[in-house]
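Engineer:
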Amino acid sequence: MSIQGLHGDEVDFENTWAQIASAFREIHTKNASKLSYEELYRHCYRVVLKKKGEELYKRVQNFEHEWLSNEVRSSILLLVTPQLSSHDMVATTATEQRTAREKFMKGLNAAWRDHQTCMAMLADVLMYMDRVYCTDHRQISIYTAAMFLFRDDILCAPITGGGGTGHVLGLLNQVILDQIQMERAGDVIDKYIIKSSVYMLEHLYEDESESEDKRLYVRSFEVQYLDTSREFYKREAELMLRDSDAGAYCRHTTRRIYEEEDRCKSTLSEITMPKIKKVVEDELIKNRIEELVGMESGVRFMIDNDRMDELNLIFDLNSRVDDKKSELTKALQKRVVEMGTDVNSAAIAASQAPAPAPEASEKGKGAPAERTLNQQTVAALKWVEEVLQLKDKFDRIWRESFESDHPLQTALTQSFSDFINSPTFPRSSEYISLFIDENMKKGIKGKTESEIDMVLEKAIVLLRYIQDKDLFERYYKKHLCRRLLMNKSISNDVEKQMISRMKMELGNNFTLKLEAMFKDMTISEELTAGFKTHVHQLGDPDPKRIELSINVLTSMTWPLESMGNGDSEDTKRPQCIFPTAVDRIKQGFEKYYNTKHSGRQLTWLANMGSADIKATFPKVPQKDGSFKERRHELNVSTYGMVILLLFNDLSAGESMTFEEIQARTNIPNSDLIRNLQSLAVAPKTRILLKEPMSKDVKPTDRFFFNEGFQGKFIRIKVGVVSSGNKVESDRERRETEKKNDDSRAFCIEAAVVRIMKQRKELSHQQLVAETLTQLQGQFKPEVPMIKKRIESLIEREYLERIEGAKVDSYRYLA
Amino acid sequence: MATEKKASEYVTLVSEDSFEFVVRRSAAIIAGTIRRSLDPTYNFEEAQKGRVVFPTISGIILEKICEYLYYHEKHAESKDVPDMEIPSELCLELLIAADYLEV
């Protein structure tokens, strides 16, 4: 019984369909509450069981088609009014237009919603058909089919009349776009309506595959949306670049991006977000960033005026479109190098401005030259200060505006080292060393430890940028040497701190010699003390009580040659003839030293020592009428002492010529000139008188003891010209560079041999590359120089060329 | 009345021979057909009354189906489910009804 009941008997298809169709009509007119679901379902079930599924499917489709095109379409088309089209602005106010548009969208949305609901119900009723017939016959479900019907019958319905062409969908797109355009212009629009329309488009597909990217939304609306947006933003970018400054542009762009993001969330679809963002970024940033950065009020202006937030905006924008932020980086680097070059040329200008005759400084002697050198030293310090300021400035920008971005930091470092190592400005190594020198001598006086720390840190920061570290080492050694020997350094601790910092920064190798210098100083102190007790023990009371304080320096570690005055022609320095009293004690020390370290040879460097002399000036009438003996303690250079002691043996009024002095002392020419200058020319320490009285010392000049010398203080320091650490004159610099090149040659050869020893055979290219990397920490060798060194090594049979190799190759010869 | 029914936790299933089974809604809607007929958004007659009539299913079968619906609800999440006893003479009819009800 019940089997029959479910199966039913013969079903009258036409009858059943009539029932179903009328029920459907009820559903479409929202009268479903009177219908029994079970009954309808049962009808459809039966029809399908009777293999009439296909027929049913077609009938339903047909029914829907009829319904949509007869009932729904007409009501939609009614809403299509001329006001809708934004091109017919004639006689329509914006409000009218907006109302018409909203009405249109509302109507369409309502039709869509109804269709969806009804179809869901229909689909439920027809569930058995979907389950059995559609699955078996690979038909799309009736619901989907009906959705397509909606697309075809409603959205693709051609619009006739009203002058409009195209179809409903096109119009809808246009309407939405117009609304969005209004919002962009600042109007308030009904986002909800648009959202519903978008929702509809999202649920309709272009074909039956129903894949994500075939949605009508993606295929139809989004394409147009992106296109119009692109147009819009392109125009806007042009306008903005013309009319406003870079800061405003950045702010505006950021706002636009947020707006678009927002719009995607509230009005359109989230899937559009990345796409529209890309459009905005492309149009407002990527295609414009170059112009933007280069604007008058662009990056350069922002840097100069510390516009941190604007820089941050630019950074943000640029990083949106470019991970490397190349445009910003480029502008930044350019500005750093520009400013750095300014600092460089300012330093050069400052060092040259007061020297109308640059050749004066080349001689490296005489008072005017000294002034020039002083000026240059000031310029050097100023340079360092300015570079540090620049560094501070960009560090701050980097921290505050660039979110401590790593690539940018690298770029900044690169630019700094670019201008610091700029070939047009070869003095940075020297200047930095001078800066440290200055601080060691004066700068750190009365500063707290942390302040000193900061100064040292600054110096290290600059040091990092230096490419030719060996050159710096040379200068530093020279400056340190002077500080140590002349006791100019304020605190040994700070010196040592500095060196340990450099050690951390540049490695052991770099500071080895510097440390050795300190060691020599300590040993020398011990030696001096030891010698003093030794003399006492000898019980050889020195009649004139000369005390000797000595510094024994290892000749390899100390840059002694650079302590000279640059007269390298007399490399074999003639021994100075000491007065007998001094000579005796000198020999005494030599004996003492030999007992301690046999086999070592001491070379006396009188040009670097100093002496305290107690001098008694005879009673001669003074200008102020006083008439008494005056005692002064004179602190002079060793040479100065030797010269003055000569005058001890002369009776009053006797004189010596320059040549005589030289003959009796054997002091090198230039040293003698300088010492005599300070003794006889400098007004405050005129212990000797010169005839004729002039600024220059000529070989024929005669010198007298100045009996009438008068000084304000008991202790008088007789400075010798150019004994402090100053900027080198051009000639000295050439000297230093030449020496540097020489030592570089050794370094390169050593590196090449090391590499070849390890590799045995290597092509030329590889060898050069490896050499470059090995020496990176010390300096940047020039390739021709490396080539030369390789040649020289081949000549000396360390290496040989491999015959017949495809590329130039070398073999190591053990 | 409609709102009262909607909120109701139980629904009534009626068989061909007028047996009424009051079943918990959560169990009843395991069957697709019953679920859809009761869907309040579509508001068919059944949904308003909370009563579904099956003029094609006998009381015995519907009883068995109700039993299964509870059985299914109870064991839905557990493993090693004990077999449900089904008298062999009901098998065919049950299968047809199950197809119809989409159980």
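In order, the protein sequences belong to chains A and B.
Each residue of the first sequence is one higher than the one before, starting from 1 at the first, in the numbering used here.
Each residue of the second sequence is one higher than the one before, starting from 815 at the first, in the numbering used here.
Backbone N, C-alpha and C fix where the C-beta goes; we use that ideal spot for every residue, glycine too.
Here the structure is a predicted model, which is why all the values come from computation and not from measurement.
What would DSSP say about Phe419 of chain A, mapped onto helix, strand or coil?
Structural biologist: Taking the first residue of the first sequence as position 1, residue 419 of chain A is located at position 419. The answer is helix: DSSP assigns Phe419 of chain A an H, G or I state.
Engineer: Could you name the residues of the same chain whose beta carbon sits closer than 8 Å to that of Thr817 of chain B, not counting the 5 residues immediately before and after it, in chain order?
Structural biologist: In the second sequence, the residue the question calls residue 817 of chain B occupies position 3. With a pLDDT of only 42 at Thr817 of chain B, under the threshold of 50, the placement of this residue in the model should not be trusted; the figure read from the coordinates follows. Excluding positions up to five away in sequence, the list is empty.
Engineer: Residues of the segment 28-41 of chain A with a CB closer than 7 Å to any CB of chain B: list them in chain order, please.
Structural biologist: Listed by position along the chain: Ala32, Ser33, Lys34, Leu35, Ser36, Tyr37, Glu38 and Tyr41.
Engineer: Output the boundary residues of the alpha helix (DSSP H) element that contains Lys195 of chain A.
Structural biologist: By one-based count along the first sequence, residue 195 of chain A stands at place 195. It spans Lys191 to Glu202 - the alpha helix (DSSP H) in which Lys195 of chain A sits, taken as one unbroken run.
Engineer: Quick one: Cα of Ser422 of chain A to Cα of Phe647 of chain A, how far?
Structural biologist: Here the question's residue 422 of chain A lines up with position 422 in the first sequence. Here the question's residue 647 of chain A lines up with position 647 in the first sequence. When rounded, the distance between both Cα atoms is 53 Å.
Engineer: Could you tell me which residues DSSP puts in a beta bridge with Glu800 of chain A?
Structural biologist: Translated into the one-based positions of the first sequence, residue 800 of chain A becomes position 800. Beta-bridge pairing links Glu800 of chain A to A:Arg811.
Engineer: Applying the 10 Å Cβ sphere with the 16-neighbour rule, what's the burial state of Glu797 of chain A?
Structural biologist: Start at 1 with the first residue of the first sequence, and residue 797 of chain A comes out as number 797. Glu797 of chain A should be labelled exposed.
Engineer: Look up Leu268 of chain A in the DSSP assignment and say whether it is helix, strand or coil.
Structural biologist: By one-based count along the first sequence, residue 268 of chain A stands at place 268. Coil at Leu268 of chain A, not helix or strand.
Engineer: Between the C-alpha atoms of Arg215 of chain A and Arg251 of chain A, what's the straight-line distance to the nearest angstrom?
Structural biologist: Along the first sequence, read from residue 1 onward, the residue named residue 215 of chain A stands at position 215. Along the first sequence, read from residue 1 onward, the residue named residue 251 of chain A stands at position 251. Each residue's alpha carbon lies about 35 Å from the other.
Engineer: Compare the Cα-Cα distances from Gly864 of chain B to each of B:Ile910, B:Leu908, B:Glu907 and B:Glu823 and report the closest residue.
Structural biologist: Locating residue 864 of chain B in the second sequence gives position 50, counting from the first residue. Considering only alpha carbons, the answer is B:Glu823.
Engineer: Let me check understanding here. Comparing Cα to Cα, which of A:Arg300, A:Lys265 and A:Asp245 lies closest to Lys191 of chain A?
Structural biologist: Residue 191 of chain A sits at position 191 when you count from the first residue of the first sequence. When each option's Cα is compared against that of Lys191 of chain A, the closest is A:Lys265.
Engineer: Determine, for Met129 of chain A, whether the minimum Cβ-Cβ distance to residues of chain B falls below 9 Å.
Structural biologist: Numbered from its first residue, the first sequence carries residue 129 of chain A at position 129. Closer than 9 Å: no.
Engineer: Less than 7 Å between C-beta atoms, sequence neighbours within five positions excluded: which residues of the same chain meet that for Ser269 of chain A?
Structural biologist: As a working mapping, residue 269 of chain A is identified with position 269 in the first sequence. Answer for Ser269 of chain A: Val198, Glu202 and Tyr217, listed in chain order.
Engineer: When you compare the CB of Ala91 of chain A with every CB in chain B, is at least one pair closer than 9 Å?
Structural biologist: As a position in the first sequence, residue 91 of chain A is number 91, starting the count at 1. Legend: pLDDT at Ala91 of chain A = 48, less than 50; position of this residue unreliable, no value from coordinates given.
Engineer: Just checking: is the beta-carbon of Ala110 of chain A within a distance shorter than 9 Å of some beta-carbon in chain B?
Structural biologist: As a first step, residue 110 of chain A is located in the first sequence; it is residue number 110 there, counting from the start. Ala110 of chain A does not count as touching chain B.
Engineer: Closest Cβ-Cβ distance between Gly5 of chain A and chain B: below 9 Å?
Structural biologist: Position 5 of the first sequence, counted from the start, is the residue given in the question as residue 5 of chain A. Reliability fails at Gly5 of chain A, whose pLDDT of 44 lies under 50, so the model's placement of it is uncertain and the value that follows must be treated cautiously. So, interface residue.
Engineer: Between Pro699 of chain A and Phe658 of chain A, which are expected to be in contact by the criterion C-beta below 8 Å, what is the C-beta distance as a whole number of angstroms?
Structural biologist: By one-based count along the first sequence, residue 699 of chain A stands at place 699. By one-based count along the first sequence, residue 658 of chain A stands at place 658. Right, their Cβ atoms sit about 5 Å apart.
Engineer: According to DSSP, is Met656 of chain A part of a helix, a strand, or is it coil?
Structural biologist: One-based indexing of the first sequence puts residue 656 of chain A at position 656. Looking at Met656 of chain A - three-state DSSP - the assignment turns out to be strand.
Engineer: Would you identify the three-state DSSP class for Arg702 of chain A, choosing helix, strand or coil?
Structural biologist: What you label residue 702 of chain A is simply residue 702 of the first sequence in a count that begins at 1. It is a strand residue.
Engineer: To the nearest angstrom, report how far apart Phe858 of chain B and Tyr258 of chain A are at their CA atoms.
Structural biologist: For this step, residue 858 of chain B is matched to residue 44 along the second sequence. For this step, residue 258 of chain A is matched to residue 258 along the first sequence. Taking the straight line joining both Cα atoms gives about 47 Å.
Engineer: Would you report the Cα separation of Thr665 of chain A and Phe578 of chain A, rounded to the nearest angstrom?
Structural biologist: Within the first sequence, numbered from 1, the residue matching residue 665 of chain A stands at position 665. Within the first sequence, numbered from 1, the residue matching residue 578 of chain A stands at position 578. Using only the alpha carbons, I get a separation of about 7 Å.
Engineer: Which whole runs of the alpha helix (DSSP H) in the segment 244-329 of chain A are 4 residues long or more, in chain order?
Structural biologist: Segments of the alpha helix (DSSP H) lying fully in the segment 244-329 of chain A: 246-266, 273-280, 289-294, 299-304 and 308-321.
Engineer: Roughly how many angstroms lie between the CA atoms of Leu506 of chain A and Gly777 of chain A, to the nearest whole one?
Structural biologist: In the first sequence, counting from the first residue as 1, residue 506 of chain A sits at position 506. In the first sequence, counting from the first residue as 1, residue 777 of chain A sits at position 777. Spanning the two alpha carbons is a distance of roughly 7 Å.
Engineer: Name the chain B residues that come within less than 9 Å of Met147 of chain A, Cβ to Cβ?
Structural biologist: In the first sequence, residue 147 of chain A corresponds to position 147, counting from 1. Near Met147 of chain A there are no residues of chain B at all, since even the closest Cβ is about 18 Å away, more than 9 Å.
Engineer: What do you get for Asn344 of chain A, buried or exposed, if any count of 16 or more other CB atoms within 10 angstroms of its CB means buried?
Structural biologist: If you number the first sequence from 1, residue 344 of chain A lands on position 344. Answer is buried; the Cβ neighbour count reaches 16.
Engineer: Is it the case that the segment 36-51 of chain A contacts the segment 125-142 of chain A, given that we only count it when at least three CB pairs across the two stretches are under 8 Å?
Structural biologist: Yes: at least three Cβ pairs fall under 8 Å.
Engineer: Residues of chain B with a CB under 7 Å from the CB of Met121 of chain A: which are they?
Structural biologist: Walking along the first sequence from the start, residue 121 of chain A turns up at place 121. Here the neighbours are Tyr856.
Engineer: For the segment 450-508 of chain A, list the alpha helix (DSSP H) runs that are entirely contained and at least 4 residues long, ordered along the chain.
Structural biologist: Complete alpha helix (DSSP H) runs here, min 4: 469-485 and 492-506.
Engineer: Flag this pair as yes or no: are the beta carbons of Arg838 of chain A and Gln774 of chain A separated by less than 9 Å?
Structural biologist: No information on residue 838 of chain A is available, as it lies outside the stretch 1 to 814 that chain A covers here.
Engineer: Is the CB-CB distance between Asp342 of chain A and Glu296 of chain A below 9 Å?
Structural biologist: For the purposes of this step, residue 342 of chain A is taken as residue 342 along the first sequence, with counting starting at 1. For the purposes of this step, residue 296 of chain A is taken as residue 296 along the first sequence, with counting starting at 1. No, the pair does not count as a contact, with Cβ atoms beyond the cut-off.
Engineer: Quick one: Cα of Asp853 of chain B to Cα of Val837 of chain B, how far?
Structural biologist: Taking the first residue of the second sequence as 1, we reach residue 853 of chain B at position 39. Taking the first residue of the second sequence as 1, we reach residue 837 of chain B at position 23. Approximately 16 Å, taken between the alpha carbons.
Engineer: Using DSSP's beta-bridge definition, name the partner residues of His632 of chain A.
Structural biologist: Residue 632 of chain A sits at position 632 when you count from the first residue of the first sequence. In DSSP, His632 of chain A forms a bridge with A:Ala615.
Engineer: Helix, strand or coil: which one does DSSP assign to His43 of chain A?
Structural biologist: Counting from one through the first sequence, the residue named residue 43 of chain A turns up at place 43. If DSSP states are grouped into helix, strand and coil, His43 of chain A belongs with the helices.
Engineer: Classify Ala357 of chain A: buried if its beta carbon has 16 or more other beta carbons within 10 angstroms, exposed otherwise.
Structural biologist: As a working note, residue 357 of chain A is residue 357 in the first sequence. For Ala357 of chain A, the predicted model reports a pLDDT of 36, less than 50, meaning its position is unreliable; a value from the coordinates is still stated below. Exposed, because fewer than 16 other Cβ atoms sit within 10 Å of the Cβ of Ala357 of chain A.
Engineer: My output table needs one value for Phe817 of chain A: the three-state DSSP class, helix, strand or coil.
Structural biologist: Examination of residue 817 of chain A is not possible in this model, given that chain A is present from 1 through 814 alone.
Engineer: Where do the N-terminal and C-terminal ends of the alpha helix (DSSP H) with Thr638 of chain A fall, by residue?
Structural biologist: Taking the first residue of the first sequence as 1, we reach residue 638 of chain A at position 638. From DSSP, the alpha helix (DSSP H) with Thr638 of chain A extends over Thr638 to Asn648.
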